[in-house]
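As structure tokens, the structure follows; a few thoughts come after it.
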Amino acid sequence: MEKTGANGVFYVTTPIYYVNALPHIGHSYTTVAADVVARYRRLRGQRVLFATGTDEHGQKVFRSAQAQGKNPQAFVDEIAAAYQKAWKAFHIEYDAFIRTTNTTHVATVQYVFDKLRASGDIYPGEYEGWYCTACESSFREDELRDGNCPDCGRSVEHASQPAYFFRTSKYAERILRYLEDHPDFIIPRSRQNEVISFVSAGLRDACVSRRRTDWDIPVPDDDSQSIYVWFDALINYLTVAGYPDDPEKFAQVWPPDVQLMGKDILPRFHATLWPAMLMALDLPLPRQLVAHGWWVAPASDKTGLTKISKSKGNVIDPLQAAANLAHVSGADGDVAVDAIRYYMLREVTFGLDGVFSMDSVVDRFNADLANDLGNLLNRSLPLVHRFLAGCLPAPSGDLELTEDIEAARQACEQAMDQYDFSGALEALWALVRRANKFLDERAPWNLHKAGHTEAAGQVLYEVADVARCVALGIAPFMPYVAAEIWRQLGLEETQETMRWQDFAPGRTPAHTAVGEPRPIFPRIDVNKLQQAEVEQKARQEKSTEGLVTLAEFARVDLRAGKVLAAERIPKADKLLKLIVDVGEDQPREIVAGLAPRFQPEDLVGLTVVVVANLEPATIRGARSQGMVLAAGAQEPVAMVVLSPDCPPGTKVR
RNA sequence: GGCGGCGUAGCUCAGUUGGUCAGAGCGCGCGGUUCAUACCCGCGGAGUCGGGGGUUCAAAUCCCUCCGCCGCCA
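For the first sequence, this note's numbering assigns the number 401 to the initial residue and increments by one for each residue that follows.
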């Protein structure tokens, strides 16, 4: 059952993304990383199956469609198309885009369910608990927080009904043993340790069905039940591989070589439920699971980092960042997209959280791409035209950069094997720097002046040779840029000609006629950039004295919030501390100067209007994460109150 | 509350089993160079390796403790 060498397909997956929302930076990050892996493996000559897709079932999707007055299929079609469009813009080349509403997938899910029910791993039981429709998750009584969903804080529905369970518990021991026998199963190691302790605490059987609804996969032969969305979703990896109807394909593809994901869906799903399902099906487990961290926005108040979320108004759109980068640098749009791909994988060690800021994007672009790599080409290729009539010589004698090239390739391979993308890029840049230094040391311009044009030619050959190798190395990360470098070197840049095995010294064909050098990464003048920003700001402020634009007003995130609790702040006459549910994971703490007019008990239960993206502040030792609207110029006179049926989190505008 | 991790140059971070381990990149300063996108190359760190204590001939690296931060679980 183990796929092998010649026929083996390198199978890499991203999770399938829930269509309740449009693609955001987290999705992009995972998918870009998977694309880098896929491209790297293709470059190495391996057959690759790179699968991504969309997770389209569930009540939440159904309700979102309804809310927009669309039928659910049209709704999911639209969002799936949005994902595909985004991936295209990101230069992502997947081999399969799986949608859970595909009939083949539905059939696979039902097949698996049926098979496991027949084997006894899925058994009927009684579901007792609390269900959060927003999270599609059920909780035991003791897991609730203040009677609400522990994940999102929303209210939960009591549910007691027949349901099917999967015997996760039966496989806990085996999973634990597997983890211990395969120390590299989960990357990074720290996550593996977390999972080990998670599993050591024991696993509960998972409820894998729900009361039948209109937008999910029915349990075979039981119309009263439908299949739990996570159970449905995980099976996508099997569907893509051809399970169970295409055994030939399946034999070549299974198991996945690597499954990439955000750290949030590792322990409960991919590292436990998923392996247990595979064990129950008697299928091999994926070779490796790789969990990455979050991108966070720079904190405005220096108190730490803030997770990116719409409510905080700090959403980062990498495609927008690419557009901005193209604008401020004058770089080609495709180069800018590649530069953002480079940035995301170079800036932060894969696995850790990172700060995404335009400042650091500009820094990376200038320092790494424009100065180091771009300038290497730009200072060497013109010399080939000037001294050598545009034609590289044949290499002769010992190539001086041989060891540097080989060391870079090895370091790069090793890093890529461990999904250490920043390490791989670092290794390549050591080679870039070495080549820049080599040019300085050998000064071909001086050699030429002194009449040693042949020697100058050898130096330029070696530099071009390094550029060619570096282009191979960065090709998985910056496919457009790599091809452009090859074009400028006068090489044919096709999938057949660009091969990893040619990441070796002396493989640049003799007498290659180099192309026209053209700066790929136009350097950004940071001073001008800052000046432009300052001027623009000044202009804006001046022209709009006393008035706010619609866009400015739209920056104020007003939302309905339900006051869960209120209390006086000791030794403060005017302040009350409110706990307000604004429809997020956690209710917020808000300090408000309402005490002169209101008693805490006047406020509890009210649905008020909250400024959700106000800069947080610490007032009298309490952390205030927002502001509630009230009438009254100085002292509060009346609260701005919404009708009680308005759900917390509803946008107010 | 339980388990685990982190706190190293202005910034972001590397530092396997204790002994060239006090480092890299960025930024900054100086110098060189001028082929190049004011670039590149070289040189420059008086950093108590969070505080304190301990083990050792020797600790950023092991142990204890305190402070701060984070993750998973409850």
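No residue lacks a Cβ here, since even glycine has one placed at the ideal position from N, Cα and C.
In this structure, the CA atom of glutamate 800 is about 34 Å from the CA atom of valine 761. Rounded to the nearest whole angstrom, the CA to CA distance from isoleucine 587 to glycine 751 is 8 Å.
Within the stretch 468 to 500, the alpha helix (DSSP H) runs of at least 4 residues that lie entirely inside it are, in chain order, 472 to 489. Measuring C-alpha to C-alpha distances from leucine 683 to each of Lys663, Pro667, Gly693 and Pro656 identifies Pro656 as the nearest. In the DSSP assignment, phenylalanine 565 falls within the unbroken beta strand (DSSP E) covering 557 to 566. Pairing leucine 860 with serine 780 gives a Cβ-Cβ distance under 7 Å. The continuous beta strand (DSSP E) containing alanine 992 extends over residues 988 to 992. As the crow flies, the alpha-carbon of tyrosine 643 is around 6 Å from that of phenylalanine 650. For phenylalanine 787, no beta strand (DSSP E) segment is defined; the enclosing uninterrupted segment is the alpha helix (DSSP H) at 775 to 788. Of the candidates Asp632, His727, Phe475 and Glu803, the residue whose Cα lies closest to the Cα of alanine 932 is His727. Partner residues in the beta bridge of glycine 453, as assigned by DSSP, are Ile416 and Ile498. Scanning the stretch 823 to 900 from its first residue to its last, the whole alpha helix (DSSP H) runs of 4-plus residues come out as 844 to 849, 853 to 874 and 879 to 889.
Leucine 1029 and cysteine 532 have their alpha carbons spaced roughly 29 Å apart.
By the C-beta density criterion, asparagine 846 is exposed, having fewer than 16 other C-beta atoms within 10 angstroms. Taking C-beta atoms under 8 Å as the contact rule, valine 737 and histidine 491 qualify, at a distance of about 6 Å. Taking the Cα of threonine 568 as reference, the smallest distance to any Cα among Ala954, Met677, Phe838 and Ser624 is reached at Met677. Of the candidates Gly797, Ala850 and Leu776, Leu776 places its Cα closest to the Cα of lysine 837. If you draw a straight line from the Cα of asparagine 927 to the Cα of aspartate 772, it comes to about 20 Å. Looking at Arg668, Asp605 and Val608, the one whose alpha-carbon comes closest to that of serine 597 is Arg668. In this structure, alanine 835 keeps its C-beta atom at 7 Å or more from the C-beta atom of histidine 848. Our two residues, proline 844 and leucine 579, have alpha carbons roughly 56 Å apart in a direct line. Where histidine 692 is concerned, the enclosing beta strand (DSSP E) starts and stops at 689 to 692. Take the alpha-carbon of leucine 422 and the one of alanine 482: they are about 7 Å apart.
By DSSP's assignment, phenylalanine 821 forms no beta bridge with any residue. About 18 Å separates the CB atoms of histidine 457 and threonine 414; that is not less than 8 Å, and the two are not in contact. The three-state reading of DSSP puts leucine 958 in strand, counting E and B together.
For the set Asn636, Arg611 and Phe821, the Cα lying nearest the Cα of serine 626 is the one of Arg611.
Comparing alpha-carbon positions, the option among Pro793, Glu478, Val1010 and Gly1032 lying closest to leucine 1042 turns out to be Val1010. Here DSSP, grouped into helix, strand and coil, assigns arginine 447 to strand. Put simply, the backbone Cα of valine 696 is about 34 Å away from that of tryptophan 615. The stretch 433 to 443 makes contact with the stretch 874 to 883: 3 or more CB pairs, one atom from each, lie closer than 8 Å. If you draw a straight line from the Cα of leucine 978 to the Cα of valine 755, it comes to about 31 Å.
In this structure the stretch 957 to 965 does not touch the stretch 801 to 810; the number of beta carbon pairs closer than 8 Å is below three. The C-beta of threonine 897 has fewer than 16 other C-beta atoms within 10 Å across all chains shown, which makes the residue exposed. In the structure shown, glutamine 1025 adopts coil according to DSSP, grouped into three states. Between glutamate 1001 and arginine 1023, the gap from beta carbon to beta carbon reaches 7 Å or more.
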